[in-house]
Amino acid sequence: MNILEINNDLFRMLNSLGKEFQFFNLPMIIIAEYTVIFLAIFVILFWFTKDRENKIMLMCASIAFVLAELTLIENGITKYESIEKVIRRKFHKTNLM
Numbered sequence: 150m151n152i153l154e155i156n157n158d159l160f161r162m163l164n165s166l167g168k169e170f171q172f173f174n175l176p177m178i179i180i181a182e183y184t185v186i187f188l189a190i191f192v193i194l195f196w197f198t199k200d201r202e203n204k205i206m207l208m209c210a211s212i213a214f215v216l217a218e219l220t221l222i223e224n225g226i227t228k229y230e231s232i233e234k235v236i237r238r239k240f241h242k243t244n245l246m
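Everything in the sequence shown is counted per our numbering, starting at 150 for the first residue and increasing by one.
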């Protein structure tokens with residue numbers, strides 16, 4: 150069993166919990182919608198602390214984020230396309246050559 154199958158199985162297991170236990174839906178929706186906002190708030194708070202190590206950490210994380218986004222854009226991954234489909238498409242291209 151490869152990592153993609155494990156990932157898919159875990160996703161389906163968690164997704165089915167939402168059907169069985171309705172009270173899981175609201176917290177998961179809130180986490181999915183507002184995590185980016187909380188992350189931005191924490192980045193701003195870290196930036197305005199006087200600790201130099203926090204600022205270096207934020208700069209490194211920002212560079213890593215920008216490189217990851219550029220890699221996704223370069224490989225043609227859109228917001229609505231699953232990474233699994235892209236990996237399979239890339240793998241299929243290399244096997245054809």
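Built from N, CA and C at the ideal position, the CB exists for glycine as well.
If you look at F191, you'll find it in the alpha helix (DSSP H) that goes N174 to W196. No Cβ-Cβ contact shorter than 7 angstroms links N203 with F191. Collapsing the DSSP output to three states places D158 in a helix. The DSSP-derived three-state label of F170 is coil.
DSSP places M150 in no alpha helix (DSSP H); its state is neither H nor E.
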